[in-house]
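**Q** For the sequence shown, this note's numbering assigns the number 2 to the initial residue and increments by one for each residue that follows.
Glycine included, every Cβ here is placed at the ideal spot set by N, Cα and C.
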Amino acid sequence: MRKLITGMKISIDGKMEGPEGFADWVDNWSEEYGLMSEIDACLLGGVMYAGYERYWSAIQQNEPDQPLPMTGKLVDPAELEWARFAAKTPHYVLSNTMTSAAWASTRFLRSLDDIAALKREPGKDIYLMGGARITASLIEAGLVDEMRLIVYPLLAGDGKALFGTVHARHRLELRKAEALSDGRVSLVYGIAN
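So, in structure tokens, the structure goes:
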């Protein structure tokens, strides 16, 4: 069976967004979890998908030497690599209301049973990109197999907690810990379901 692996960039106090509604401490949104060779599908919630599709489409269409309109920053080479990967990778969106997407490779799932069925299909693992609500729901449902976190050395204070809606206790097994640049830490956990 395929594994469902979540990857998130969080503050040390477990926040995935600050009070402004985004993680202003993250310099770029490149895939730093080592997943590209392991996955052949991405899964997102409907709330996150609209912004995700806009952001990565803008990177694909932007001139590399021009700043992105939404951030004013130049595209990081690692972000460009992910944008190219994302353009050819199937994306699944868990939503009861969405029916269309700009990316032709996008499919909509309506239930947790649909996600369980996707995991049973042949293929590589699946990257659960978020947001917080879908990640917490899928952990609670026992569908997430592994969690890869990049922890930033700051207390974000007010903001959205990644695990704010997880109600039950879940045991984690540390599989890997690695110090990164700028005081960040990469943590990989298995989730006991």
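Expressed to the nearest angstrom, what Euclidean distance is found between the alpha-carbon atoms of Leu144 and Leu129?
**A** Counting from 1 along the sequence shown, the entry for residue 144 is found at position 143. Counting from 1 along the sequence shown, the entry for residue 129 is found at position 128. The straight-line gap from Cα to Cα measures roughly 10 Å.
**Q** Can you look up Asp41 in the DSSP assignment and give me helix, strand or coil?
**A** Counting from one through the sequence shown, the residue named residue 41 turns up at place 40. Reduced to three states, the DSSP call for Asp41 is strand.
**Q** For Ile135, report the span of its alpha helix (DSSP H) as first-last.
**A** Reading the sequence shown from its first residue, position 134 is the one you call residue 135. Here the alpha helix (DSSP H) through Ile135 covers 133-141.
**Q** In this structure, how does DSSP classify Gly47 when only helix, strand and coil are distinguished?
**A** Residue mapping note: residue 47 aligns to position 46 of the sequence shown, counting from 1. When secondary structure is reduced to three states using DSSP, Gly47 falls in the helix class.
**Q** Does the Cβ of Leu173 have 16 or more other Cβ atoms within 10 Å, making it buried, or fewer, making it exposed?
**A** One-based indexing of the sequence shown puts residue 173 at position 172. Per the 10 Å Cβ criterion, exposed.
**Q** Return the CA-CA distance between Glu179 and Ile40, expressed in angstroms with no decimal places.
**A** For this step, residue 179 is matched to residue 178 along the sequence shown. For this step, residue 40 is matched to residue 39 along the sequence shown. Rounded to whole angstroms, Glu179 to Ile40 spans 21 Å at the Cα level.
**Q** May I have the straight-line CA-CA distance separating Pro70 from Ala118, to the nearest angstrom?
**A** Looking up residue 70 in the sequence shown gives position 69. Looking up residue 118 in the sequence shown gives position 117. Spanning the two alpha carbons is a distance of roughly 38 Å.
**Q** Which residue or residues does DSSP assign as beta-bridge partners of Lys4?
**A** Counted from its first residue, the sequence shown places residue 4 at position 3. DSSP, once it has assigned bridges, lists no residue as partnering Lys4.
**Q** Which of the three DSSP states is assigned to Glu80 in this structure?
**A** As a first step, residue 80 must be located in the sequence shown, where it is residue number 79. Correct three-state label for Glu80: helix.
**Q** Starting from Ile116, follow the alpha helix (DSSP H) in both directions and report where the run begins and ends.
**A** Against the sequence shown, residue 116 aligns to sequence position 115. Ile116: member of the alpha helix (DSSP H) spanning 113-121, first to last residue.
**Q** Per DSSP, which one or two residues make a beta bridge with Gly191?
**A** Locating residue 191 in the sequence shown gives position 190, where the first residue counts as 1. Its beta-bridge partners are Glu147, Glu174.
**Q** Beta carbon of Ile13, beta carbon of Pro154: below 8 Å?
**A** Translated into positions along the sequence shown, residue 13 becomes position 12. Translated into positions along the sequence shown, residue 154 becomes position 153. Judged by beta-carbon spacing, Pro154 lies within the 8 Å limit of Ile13, meaning their Cβ atoms are closer than that value.
**Q** By the three-class DSSP mapping on this structure, what secondary structure does Ser1 have?
**A** Residue 1 is absent from the structure shown; the chain starts at 2 and stops at 194.
**Q** Assuming Leu44 and Ile116 are in contact, meaning their beta carbons sit under 8 Å apart, how far apart are those beta carbons, in whole angstroms?
**A** The residue labelled residue 44 in the question sits at position 43 within the sequence shown. The residue labelled residue 116 in the question sits at position 115 within the sequence shown. Contact holds; Cβ gap of about 7 Å.
**Q** Return the CA-CA distance between Arg170 and Val27, expressed in angstroms with no decimal places.
**A** By 1-based counting over the sequence shown, the position of residue 170 is 169. By 1-based counting over the sequence shown, the position of residue 27 is 26. Their Cα atoms are separated by approximately 28 Å.
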